[in-house]
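Asks:
There are 6 protein chains.
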Amino acid sequence: MSKLPKLSALAVDDSGWGYFLCTYKEVRTGRSGSDFLFLSLQDASAQVVAKLMTDAERYKSEFDAGEFVRVEGRGSLYNGQVQLVLSTIRRVNPEQDRQQGFREEECILSAPRPIDEMWSELQAHLGGIKNQHIRILLNRIVTDNEAQLRTWPAAQQIHHAYRGGFLEHISKMAEVGLLIARAYGADEDLVLAGVILHDIGKLQELAYEGGAGSYTRDGNLVGHIALGMMMVREAANGISGFPLELRSQIEHLVASHHGVREYGSPVEPKTIEAFILASVDELDAKLNQVRRAIAEDPSDDEFTAWNKRLGRVLYKGQ
Amino acid sequence: MSKLPKLSALAVDDSGWGYFLCTYKEVRTGRSGSDFLFLSLQDASAQVVAKLMTDAERYKSEFDAGEFVRVEGRGSLYNGQVQLVLSTIRRVNPEQDRQQGFREEECILSAPRPIDEMWSELQAHLGGIKNQHIRILLNRIVTDNEAQLRTWPAAQQIHHAYRGGFLEHISKMAEVGLLIARAYGADEDLVLAGVILHDIGKLQELAYEGGAGSYTRDGNLVGHIALGMMMVREAANGISGFPLELRSQIEHLVASHHGVREYGSPVEPKTIEAFILASVDELDAKLNQVRRAIAEDPSDDEFTAWNKRLGRVLYKGQ
Amino acid sequence: MSKLPKLSALAVDDSGWGYFLCTYKEVRTGRSGSDFLFLSLQDASAQVVAKLMTDAERYKSEFDAGEFVRVEGRGSLYNGQVQLVLSTIRRVNPEQDRQQGFREEECILSAPRPIDEMWSELQAHLGGIKNQHIRILLNRIVTDNEAQLRTWPAAQQIHHAYRGGFLEHISKMAEVGLLIARAYGADEDLVLAGVILHDIGKLQELAYEGGAGSYTRDGNLVGHIALGMMMVREAANGISGFPLELRSQIEHLVASHHGVREYGSPVEPKTIEAFILASVDELDAKLNQVRRAIAEDPSDDEFTAWNKRLGRVLYKGQ
Amino acid sequence: MSKLPKLSALAVDDSGWGYFLCTYKEVRTGRSGSDFLFLSLQDASAQVVAKLMTDAERYKSEFDAGEFVRVEGRGSLYNGQVQLVLSTIRRVNPEQDRQQGFREEECILSAPRPIDEMWSELQAHLGGIKNQHIRILLNRIVTDNEAQLRTWPAAQQIHHAYRGGFLEHISKMAEVGLLIARAYGADEDLVLAGVILHDIGKLQELAYEGGAGSYTRDGNLVGHIALGMMMVREAANGISGFPLELRSQIEHLVASHHGVREYGSPVEPKTIEAFILASVDELDAKLNQVRRAIAEDPSDDEFTAWNKRLGRVLYKGQ
Amino acid sequence: MSKLPKLSALAVDDSGWGYFLCTYKEVRTGRSGSDFLFLSLQDASAQVVAKLMTDAERYKSEFDAGEFVRVEGRGSLYNGQVQLVLSTIRRVNPEQDRQQGFREEECILSAPRPIDEMWSELQAHLGGIKNQHIRILLNRIVTDNEAQLRTWPAAQQIHHAYRGGFLEHISKMAEVGLLIARAYGADEDLVLAGVILHDIGKLQELAYEGGAGSYTRDGNLVGHIALGMMMVREAANGISGFPLELRSQIEHLVASHHGVREYGSPVEPKTIEAFILASVDELDAKLNQVRRAIAEDPSDDEFTAWNKRLGRVLYKGQ
Amino acid sequence: MSKLPKLSALAVDDSGWGYFLCTYKEVRTGRSGSDFLFLSLQDASAQVVAKLMTDAERYKSEFDAGEFVRVEGRGSLYNGQVQLVLSTIRRVNPEQDRQQGFREEECILSAPRPIDEMWSELQAHLGGIKNQHIRILLNRIVTDNEAQLRTWPAAQQIHHAYRGGFLEHISKMAEVGLLIARAYGADEDLVLAGVILHDIGKLQELAYEGGAGSYTRDGNLVGHIALGMMMVREAANGISGFPLELRSQIEHLVASHHGVREYGSPVEPKTIEAFILASVDELDAKLNQVRRAIAEDPSDDEFTAWNKRLGRVLYKGQ
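Protein chains in written order, with my numbering: chain A, 17 to 334; chain B, 17 to 334; chain C, 17 to 334; chain D, 17 to 334; chain E, 17 to 334; chain F, 17 to 334.
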C-alpha cells in the first residue's frame, strides 16, 4: 500500500496510508441505524473531511480529537469536495511511527513559508526602528510572546488560519506597511508598531494548541481589540518615560485597525498611520483568502466555485 | 431694568439683565461689513444663542468664552427659536457681582435634581452590594472620582449634556437596572457594576470645566469604552484576590454596553446582565432626549417640531 | 423498559418509552431507497427531532402530525443535537393510556410557570388601573379572549414559542413595564394597556391548536400589528364615551411597539410610554431567547454553540 | 404698475402686483436689529419664498398665514432661487378684490389638469368594476369623501403636494394600474381598489384647508396606512355579505403598498396585485417628482441642479 | 409501463418512463460506501432533482450531463419537494427514440408561450418606431442576434431562467413599457430601445447551449451591463449620423436599468424613460418569480412555503 | 499697498492686492435690499470664499466667473473660516498685469509637486512594462491624452480636486501599486494598467478648463467607469493581436476599482490585481483628503474640526 499524497494534492482516485492530525471527531448515527465516524484531518498543506463508515464501533476508541493518527483510506467526491473515506484509523505511536516517517510538524496545517525565515525578517524590522520608545516596547512584547508569535494562526477561520499564520500575516504586513509609510511620508516606526501590535490581543483571545484553536473566555467577553490595547498599555506603563502621546497613538492604531465600527473598532482611524494600517490589514487578509480559495478550488474551470465568504467567484486564469 | 427670567422660560418680549456662562464666542463680519458677536449663553435651566449687533468692536474685549458674564438684552425670535439680542455684555466681577446675586452654580446648565440627593442614592446602592469584590471595586472607583462623578455631564451633546448629568444618568439607571435585574433573576451586583462603570471612561474621554466640555486626546484616539475597560482592569488588578472571571464579566459589561458594534461596542452582549445594561442605558438616554425635546419645544401644538436627532416629531399631549 | 426522561433532560444513552405530541411528520425516502419517518416530538419541557428508520411502511399509518403518540426509542447524537431514534410509534388511545399516566398538558411544550399563577398576576394588574376607560377596555378584551390568552404562545418560533408563552410574555412585561413607568413618571395605565394589547393581534394572526401553530390568512396578509390596532379600535368604539385622544395613544402603542419601521412598525414611538413599551418588549423577547439558548445548549463549555438567530455565542458561566 | 406673471414664470427682473395665498409667515430679527417678514406665497402654478425688508413693523399686522394677500414686489435671486422681495402686502378684501380679478382657486397651488376632468375619469373607472362587492365598497368610500378626494394633495411635501394632487395621483395610477393588470392577467378590480384606497388614510392623516396642510394627531400617532386599513374594514363590515377573503386582500393592498417595511408597510406584497400596486405607486410618485424638479429648475443647463431628495441631478435634454 | 407526466405535474405516486434533458450529474458516495447518482432533469415544463441509488456503477457511464436521456423511475417526496427516484437511465439515441416520441424541444425547460408568437410581437414593436436612428439601431442588433434572442433565458436562476425566457421578458416589457410611456408622455421609442437593449449584454455574459447556461469570462469580469453598453456603442458608432445625444440616452438606459448602484448600475436613472425602464424591468422579473413560485408550490395551502429569494410566503388564493 | 500672501497662508488681519482665478460669481440681494457679490477665488495653494459688499453694482460687470482677476481686500473670519472681503475687483489685463507679476499657473489651484516631475515618473513606469500588449495600450492612451493627463484634477470635489491632481493621483498610485504587486507576486504590468486606466473615463466625464470643472452629458448619463471601459476596449481593439483575455482583465480592473457595487462598480474585484487596485485607489484618495483636512484646519488644537465627508475629527499632533 502506497503513501497518500499531501492533502492539498489529494484526488478522487488516490488511496493509501498517511499520518495526520485529527482536529474533530464525532460519532454519528447513520440512517441505517449504525454508527459512523465524522472527522477532520489535516497535514501541513490542507484540511479535509474524513469518514469511516465500517466498524466505527471498533475504531472509535482507537484515537481522540486532538491526536495524531495513522489512517488508511481513499479519496472520494462529496458535494464537489474531495473527502477521505477511511478503512482504518489509530492514534500515532510516536516512537514507532517516527521510524516510518511520522513528523509532527508535517501533520499540522501550516504557513507555506518557513517560520525561521519569517522570524528573521521580523527581527530585521525591529532592528530598524529609530524611535527608542517604540523599539523598547516592541522588543519587550515580541520577546515575551515569542513562542506564540512563532506558531499561532492569525485567526480561527477566515484568513491565515494555520500554524505560523500570525507570523506570516504580520511579516507580510510589515513589508508592505513600511513601503507605503515611506511612499506617503508617514511615521514608519508607528506603522510598524501598529502592524506588530494590531492583533496582539489574539494571543489572549484564542487558545491554540497542537493545531486546534478555540476562543478563550476573555476572547469572547472582551475581544482581541480591547485585550490588545490593554497589553499595550500595561507594557508602555512598564517602560520608564514612555510618552503619553505616543501611547495614545499606538493604542489608537490597535483600536482602529478594523477601519469601521461595524467591524468592531470602537474608534475609527484619525491619523495617517491608522488609515495605512487598516488598509494593509484588510488587503493582506483579503489576498490570503483569495489565494487560498483559488488554490483549493478543485475544478479545471477559469473561475472558482462561488465563495460564500467573499460573496463572489474568483478568476483563476486560463 | 428688571432681571431676565431663567432661560428655559425666556419669551420673545422679555428684556432685562442677567448673569450667564458664555460657552461660545465668535466675532463675525456681517454683510454690511461691520462685526457682530455670536455667542452661546447658559444658566442652570437652558442654553440659548445670543447676538450683539451694535458696538461689537467695543464689547468683544470685555469677556471671553468660558467666563461668566453680565448682559443686558431682550428675547427675539429667529427660525422659530428664541434668542437673546444683547445691548451690553461684560465679564462678571465676582466680588462685586456676588452682592447683586451672582451665583456660579446658577449660571451653569445643570441636572434638574439636587446633586447631593442623587449622590446619596448612589451611596445607598453601593451599600447594598453583596459581592465583596464588586463592592470594593465600585467603592474605590467611585471614591477616587467623586468630584467628577458629582458634576460632569453624561455626554457632550446628545443626552444629559449638563452639570450633574453623569450622576443623574447612572443614578436613574441604577434604580431601573436593579428593578429589572430583580425581575429577571439576574445578578444585581453585576448590573449595578455595569451601570456605574459603563461610562466611567468618559472621565478620561472628556475634559469638562466650568460648564464647558471638550474631547481629550485619549477621548478621540482611544474612546471612552476602551478607556473605561482599562480603568476597570487597573482597579481590579489592584485588588488582591479579585477573581479573573468576575473581571472578565465586568469588562464585558463596559465593552458591550452600546449593544451593537455599529454604535462602537467592540463586542456584543453575551450575558443576561449585559443585555439588561445595554437596554437600560439606551432607554434612559432616549427618554432624556425625549423629555428635553418636549420641554424645550416653544410651540403650543400637540407635537414638537421635527427632531433631527430622533428623526421624528414627539407627542406633547393635549 | 423504563420511561424516557423529560425531553429537556434527554441524553445520548437514554432509552425507554414515553408520551409526546407529534407536531411534524414526513415520510422521506432514504438513500438506500427505503422510506423512513422524520418527526418532531415535544413534551412540556422541550421539543426534539425524532426518526424512525425501520419498518416505516408499517408505522407511518399508525399516527398523524398533531396527534399525541406513544413511542419507544433511544437518544442519539446528530450534528451535536440529541435526537430520538424510534423503534415503535403509535397514536395515543386516551382512555387506555391515561391509565398508564398519559396527561395531555404534559405533552405540550409549555411555559415554565403555572398558567393560573400568571393569570392571577395579570388580574391584579388589571385591578390596579386608575383610568376607568382603560380599565374597561382592557377588561373587555382580556375577558373576551381569556381562553386564548391563557394558552397561546407569544410567537411561532423566535421567543416564548410554547403553550402559555403569550401570557408569560405579557405577564413579565407588565411587571417590568410598570416598574419602569413608575421610575420615569410615565402613565402607568397606558404602559399596562400597551403591554397587554401590543401583541393582541396575534390571536388573529396565528392559529394555535393542540401545541401546533400556523399563520392565518389575515396573519399573512394583514399582520398582527394592524390586526391588533383594529381590535383596539373596535373595542374602544364599543365603549361609550371612550376619549378619542386616548384611543389614538393606545393605537400608537400597538403600532409602534416594534420600535422601528424595519421591524414592521408603521409608525415609530412618539411618546414616553411608547418608548418604554418597545424597550420592554424587546428586552423580554431577547432574554427569553438567551435563557432558552443557554438552557438548551448540551455542552459543558463556558459558552453555548453559535446561536444563529442572535448572531453570537452566549456565556453560560463557569 | 403691471401684474406679476404666474409664479412658475417669475423671473429676476419682473416687478408688479399680484394675489397669492400666504402659507407661512414669520417675523425675523435681522442682523441690523430691525425686523423683517419671511413668507411663503403661492398661486396655482408654484410656490416661492418672499421677504419684506422695509416697514415690517407696519405690514406685519396687515395679514396672517393662511390668508389670501395682495402684494407688490419684484423678483430677486437668492442662492440660485428666484424669490419675491415685497414692498407692500395686505390681506385680500374678497368683495373688492374680486372686481380686480382675484380668484381663490388661482391662488392655491394646484394640479395642472382640471379637477372635473380627472373626477370623470375616476367615475368611469368605478363604472367598469365587475366585482359587485368591490364596486359597492369603492363607490361608498369615494362618495363619502368626495369633497376631500377632489381637492386634497397626495402628500405634504414629496410628491403631488398641491390642490387636487391626491386625485391626480390616483387618477393616473388607475390608468396605468389597469393597463398593467390587463397585461399580466391580474385582477383588475382588485388593482383599482388598491389604487383608490391605498392612500385613503391620508384623509385622516392630514388636515388640509385653504392650500395649507398639516398632520393630525392620528396622522402622527397612527399613520395613514393603518388609518386607511381601518377605513376599509369599517366600510367593508358595513356592507352585508362582503366576503372576508376579499376584505383581507384589499386590506393587504393598503398595508403593503409602500413595498417594504423600511418605508412603513407593516407587511410586504404577497399577491400579484400588491406587487403591481406598489410598483405603480412608486413610479407615479417618482415621475411626479422628476417632472417637477425639471420644470422648476431655473438654469439653461442640460441638467438640473443637485436634487437632494432624489440624490442626483436630472437630465432636462438639449 | 406508462409514460411519466410532464414534470410540472409529477406527483408522488407517479411512475413510468420519459425523455428529459440531464443538466447536472454527480457521482456521490453514500454513507454505506456505495456510489449513487445525483442529477437534475428537465422537460419543457419544469426541472426536478433525480437520484439513482442502485447500480450506479453501471449506469454512470450511460450518459453525461448536457445530454438527453431516457429514464424509468417514480416520484418521491424529499424535504417537501417531489423528486424522481430512477431505476434506469441512458442517453437518447435520436434516430430510434424519435420514433418513440422523443422531441428535443419538449425536453428543454421553456417559456410557456410559443417563441414565434413572441417574436412576431417584437417585430411589430420594431415596426412602430418613429425615430429612424433608433429603428436602424434596434433592427441591426436584433437581426444580428436573432438566434440567441429567440432561445436564450433571461437569467441563470432568478427569473425567466428557461429557453425563450429572454424573449418572453423583453416581449412583455415592451408591451407594458409602451403603455406606461404613453400614459406619461415619455418618449416611446427610447423606452422600447431600453427594453430591447437593457439586457443585451447577457448574450455575452452567458453561454447557453442545449438548455444549460453558464457565465462567460467576460460575464464574470465585465458584467452584462457594461457589455451591453459596449454593444450599443459599437452598433451606434457603426450607423452613419447617429446622434451623440441619442447614444448617450440609450447607454444611460442600459447603465441605469437596475435602478440603484447596490444592484450593479454604475449610474442611477436621470431621465423619465430610465425611471420607467427600471420600474418595468423590476416588476416583470418580480412577477415572473411570484408566478413561478405559486405554480411550483406543491401544497394545498392558501400560501406557498417560505420563498427564500423573495423573503416571504405568497398568497395562492382560496 | 502690499501683496496678499498665498491663499493657503491667508490670515485674518492680512490685507493687500493679488491675482486670482474667479471660479464662481453670484450677485445676491442682501437683507438691506442692496446687492453684493458672492465669489470663489483661488490661487495655486488654496481656494477661498470672497465677498464684495460695497459698490457691487459697479464692480459686477468688471469680470466674470472663469476669468483671472485682480482684487484688493482683507482677510476676515466667518463661521470659523477665513474669507476675503474685497474693496475692488477687475479682470486681469494679461499684457499689462504680466508686468506686475501675473502668472496664470500661479492662479489655479494645483498639485503641490511639479507636473514635469510627476510626468517623468509616469514615463519611467511605462518604460518598465514587460508585457508588450499592455505597453502599447498604455503608451497609446497616455500619448493620446497627454494634455489632459498633465493638467486635470482627479475629481470635482472629494480628492485631488485641483490642477495636476489626476497625474498626482495616478503617479502616487503607480509607485505604491507596484510595490504591493511585487510584495504579493501579482502581475505588475496589470496593476500599472489598472492604475493608469482606472479613472481614464474621467477625461470624458468631466470638462475642465482654466481651473474650473463640470460634468459632461456623458459624465452624468454614462459615468466614468463605463466611459473608461469603452476607451479601453476601443484602444485594445485597435491594437492588432491584442489578446481577448488580457482585454477582459484590464476592463475588469476599470470596472471593479471602486471595490463594491454601492460605490458604483458594476462588478466587484475577482483577481488579485483588482483587489490591489481598489485598495490602493481608496487609500490614496483617503490620505489626500486627510492631508488636506489637516493642512487646511485653521485652529491650534491637536485635532481638526469635524470633517463632514470623513465623518470624524483628525489628529494633527501636538
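The beta carbon of each residue, even a glycine, is placed where N, CA and C say it ideally should be.
Bear in mind the structure is a predicted one, so any value in this text is a computation, not a measurement.
(1) In its own chain, which residues sit with a C-beta less than 6 Å from the C-beta of C:Ala309, not counting the 5 before and 5 after it?
(2) Can you check whether the CB of D:Leu219 is closer than 8 Å to the CB of D:Trp168?
(3) In whole angstroms, give me the CA-to-CA distance for D:Ala302 and D:His175.
(4) Might you give, ordered along the chain, the residues of its own chain that have their beta carbon closer than 8 Å to the beta carbon of A:His185, omitting 5 neighbours on each side?
(5) Counting Cβ pairs, one atom from each stretch, are 3 or more of them under 8 Å apart for the stretch 87 to 101 of chain F and the stretch 63 to 79 of chain F?
(6) Give the C-beta separation of A:Gly275 and A:Ala251 to the nearest angstrom, bearing in mind that I take them to be a contact with Cβ-Cβ under 8 Å.
(7) Specify the secondary structure class of A:Asn253 as computed by DSSP and reduced to three states.
(8) Looking at C-beta atoms only, is the number of pairs between the stretch 226 to 241 of chain A and the stretch 279 to 293 of chain B that lie closer than 8 Å three or more?
(9) Taking the runs of the alpha helix (DSSP H) that are 4 residues or longer, which of them lie wholly in the stretch 180 to 248 of chain C?
(10) Can you tell me whether DSSP reads E:Asp132 as helix, strand or coil?
(11) Going residue by residue through the stretch 76 to 115 of chain F, where are the continuous alpha helix (DSSP H) segments of at least 4 residues, counting only ones entirely within it?
(12) Assuming B:Ala66 is part of the beta strand (DSSP E), what are its boundary residues?
(13) Beta-carbon of F:Leu219 versus every beta-carbon of chain D: anything under 8 Å?
(14) Does any residue of chain D bring its CB to less than 8 Å from the CB of E:Gln334?
(15) Just the chain F side, please: which residues come within less than 7 Å of E:Ile241 by C-beta, in chain order?
(16) Output the boundary residues of the alpha helix (DSSP H) element that contains C:Leu269.
(17) Comparing the C-beta of C:Val329 with each C-beta of chain A, is any distance below 8 Å?
(18) On a CA-only basis, which of E:Phe54, E:Gln58, E:Ile212, E:Thr39 is nearest E:Ala127? Give me that one, please.
(19) Using a C-beta cutoff of 8 Å, does D:Arg233 count as contacting chain B?
(20) Using a Cβ cut-off of 8 Å (strictly closer), state whether D:His268 contacts chain C.
(21) On the DSSP letters alone, give me the boundaries of the beta strand (DSSP E) that D:Gln334 sits inside.
(22) Who are the near neighbours of E:Asp313 in its chain, counting only those whose CB is closer than 7 Å to its CB and skipping five residues on each side?
(23) May I have the straight-line CA-CA distance separating D:Thr70 from F:Ser50, to the nearest angstrom?
(24) What first and last residue would you give for the beta strand (DSSP E) that runs through B:Leu57?
(25) What residues from chain C crowd round E:Leu93, counting only those whose CB sits closer than 8 Å?
(26) Based on DSSP bridge pairs, tell me the residues matched to F:Asn323.
(27) Leaving out the 5 sequence neighbours to the left and right, which residues in its chain are closer than 6 Å to B:Ser272 when beta-carbon positions are compared?
(28) Name, going along the chain, the residues of the stretch 291 to 302 of chain D whose beta-carbon falls closer than 8 Å to a beta-carbon of chain H.
(29) In this structure, what does DSSP give as the bridge partners for D:Cys38?
(30) Within this structure, are the beta carbons of B:His245 and B:Val270 separated by less than 8 Å?
Replies: Reading off the structure:
(1) Against the third sequence, residue 309 of chain C aligns to sequence position 293. These residues qualify, in order along the chain: Thr320, Asn323, Leu330.
(2) Reading the fourth sequence from its first residue, position 152 is the one you call residue 168 of chain D. Reading the fourth sequence from its first residue, position 203 is the one you call residue 219 of chain D. Yes, these two residues count as a Cβ contact at 8 Å.
(3) Against the fourth sequence, residue 302 of chain D aligns to sequence position 286. Against the fourth sequence, residue 175 of chain D aligns to sequence position 159. Note on identity: in this sequence residue 302 of chain D is Lys, with Ala being the wrong assignment. Going from the Cα of D:Lys302 to the Cα of D:His175 covers about 8 Å.
(4) Position 169 of the first sequence holds residue 185 of chain A. Excluding positions up to five away in sequence, the list reads Ala170, His175, His176, Asp215, Asp300, Ala301, Asn304.
(5) yes
(6) Walking along the first sequence from the start, residue 275 of chain A turns up at place 259. Walking along the first sequence from the start, residue 251 of chain A turns up at place 235. Their Cβ separation, rounded to whole angstroms, is 24 Å, which puts A:Gly275 and A:Ala251 out of contact at 8 Å.
(7) Translated into the one-based positions of the first sequence, residue 253 of chain A becomes position 237. It is helical.
(8) yes
(9) 181 to 199, 204 to 213, 218 to 221, 233 to 237
(10) Position 116 of the fifth sequence holds residue 132 of chain E. E:Asp132 falls in the helix class under three-state DSSP.
(11) Annotation note: the stretch 76 to 115 of chain F contains the following uninterrupted alpha helix (DSSP H) runs of length 4 or greater, listed N- to C-terminal: 110 to 115.
(12) Here residue 66 of chain B refers to the residue found at position 50 of the second sequence. Counting along the chain, B:Ala66 sits inside the beta strand (DSSP E) bounded by residues 63 to 68.
(13) As a first step, residue 219 of chain F must be located in the sixth sequence, where it is residue number 203. Not closer than 8 Å to any Cβ of chain D, the Cβ of F:Leu219 fails to qualify, so no.
(14) As a working mapping, residue 334 of chain E is identified with position 318 in the fifth sequence. So yes, E:Gln334 belongs to the interface.
(15) As a first step, residue 241 of chain E is located in the fifth sequence; it is residue number 225 there, counting from the start. The answer, in chain order, is Pro282.
(16) To locate residue 269 of chain C, count along the third sequence from 1; it is residue 253. Unbroken alpha helix (DSSP H) run through C:Leu269: 260 to 272.
(17) Within the third sequence, the letter at position 313 stands for residue 329 of chain C. Answer yes: the Cβ-Cβ gap between C:Val329 and chain A drops below 8 Å somewhere.
(18) Within the fifth sequence, residue 127 of chain E is the residue found at index 111, counting from 1. For the residues E:Phe54, E:Gln58, E:Ile212, E:Thr39, the minimum Cα distance to E:Ala127 belongs to E:Gln58.
(19) Counted from its first residue, the fourth sequence places residue 233 of chain D at position 217. At least one chain B Cβ lies under 8 Å of D:Arg233.
(20) On the fourth sequence, position 252 is the one that residue 268 of chain D refers to. By this cut-off, D:His268 is an interface position.
(21) Numbered from its first residue, the fourth sequence carries residue 334 of chain D at position 318. Here D:Gln334 belongs to no beta strand (DSSP E), and DSSP marks it neither H nor E.
(22) By one-based count along the fifth sequence, residue 313 of chain E stands at place 297. Cβ contact annotation for E:Asp313 (same chain, cutoff 7 Å, sequence separation greater than five): Thr320, Ala321, Lys332, in chain order.
(23) Residue 70 of chain D sits at position 54 when you count from the first residue of the fourth sequence. Residue 50 of chain F sits at position 34 when you count from the first residue of the sixth sequence. Whole-angstrom Cα-Cα distance: 12 Å.
(24) Counted from its first residue, the second sequence places residue 57 of chain B at position 41. Element bounds for B:Leu57: 51 to 58.
(25) As a working note, residue 93 of chain E is residue 77 in the fifth sequence. Chain C residues near E:Leu93: Glu42, Val43, Arg44, Thr45.
(26) As a first step, residue 323 of chain F is located in the sixth sequence; it is residue number 307 there, counting from the start. Partner(s): F:Arg328.
(27) Along the second sequence, one-based indexing puts residue 272 of chain B at 256. Closer than 6 Å at Cβ, skipping near neighbours: Ser281, Val283, Glu284, Pro285, Ala290.
(28) The structure shown contains no chain H; the protein chains it does contain are A, B, C, D, E and F.
(29) For the purposes of this step, residue 38 of chain D is taken as the residue at position 22 of the fourth sequence. Paired residue(s): D:Leu57.
(30) Along the second sequence, one-based indexing puts residue 245 of chain B at 229. Along the second sequence, one-based indexing puts residue 270 of chain B at 254. Residue identity differs from the one stated: residue 245 of chain B is Met in this sequence, not His. In this structure, B:Val270 lies closer than 8 Å to B:Met245 by Cβ.
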